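> Residue numbers (the numbering used here): 4 to 205.
Yeah, the Cβ is synthetic: ideal placement off N, Cα and C, and Gly gets one too.
None of these values were measured; they are calculated from a predicted model.
#1: Closest to residue 9 by CA distance: which of 24, 123, 120 is it?
#2: Looking only at C-alpha atoms, which of 174, 188, 93 sits nearest to residue 81?
#3: Between the Cα of residue 45 and the Cα atoms of 31, 14, 30, which residue gives the shortest distance?
#4: Would you call residue 87 buried or exposed, if buried means 16 or more other Cβ atoms sit within 10 Å of its Cβ?
#5: Between the C-alpha atoms of residue 187 and residue 139, what's the straight-line distance to the nearest angstrom?
#6: Measure the beta-carbon distance from residue 49 to residue 134 and round it to whole angstroms, keeping in mind my assumption that it falls under 8 Å.
#7: Who are the near neighbours of residue 161 in its chain, counting only those whose CB is closer than 7 Å to its CB and skipping five residues on each side?
#8: Residue range of the alpha helix (DSSP H) that residue 84 falls in?
#9: Determine the closest residue to residue 99 out of 54, 178, 43, with distance taken between C-alpha atoms.
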């Protein structure tokens with residue numbers, strides 16, 4: 004089965020049964036590559052340039068919100084990557100005029116932004132501290148810090164990939180401005196403002 008056939012099947016079942024379907028599809032474990040392929044297929048299908056019936060478009064936004072949640076809660080992708088893709092979907096939703104009605108709360112700006120902030124691995128103060136540590140490491144690094152010239156690294160070898168919590172923060176911060184203009188909750192906007200200010204100092 005390929006990604007397209009998987010997504011076709013997922014679209015045909017109730018949202019509440021998607022988790023069970025994925026468990027049957029991958030009885031041992033899922034793979035980040037599969038989740039990413041599903042995210043990308045959903046993003047393409049949701050383009051405002053596609054002539055799709057409103058009810059189909061709403062279905063894909065609903066499926067997308069559920070898929071992203073499951074990807075994160077099952078450990079299929081890092082929370083920051085799930086947030087990144089959720090904010091991509093939420094950004095697409097904002098491009099429709101008139102607005103799409105009955106969207107999942109997670110796709111609405113306030114819901115998406117709240118979910119994003121909750122995924123931050125640590126506080127703003129800790130982010131600044133980690134940034135200072137990282138800069139010091141870069142400045143004092145010896146040759147062993149850099150990848151040896153000519154060494155071949157396996158792309159899918161997790162042991163070769165080091166993705167720090169600070170990079171998680173930076174990935175989330177990179178996507179916040181896409182949805183920020185649509186946020187209505189004042190407290191939430193102030194929290195995002197504070198994070199974006201921190202982001203300029205990292």
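Working from what's here:
#1: 24
#2: 174
#3: 14
#4: buried
#5: 39 Å
#6: Contact doesn't hold; Cβ gap of about 35 Å is too wide.
#7: For residue 161, the pLDDT reaches just 46, beneath the cut-off of 50, and the residue's location in the model is therefore unreliable, although a value from the coordinates is still provided. Counting only Cβ-Cβ distances below 7 Å, and skipping sequence neighbours, we find nothing.
#8: 82 to 97
#9: 54
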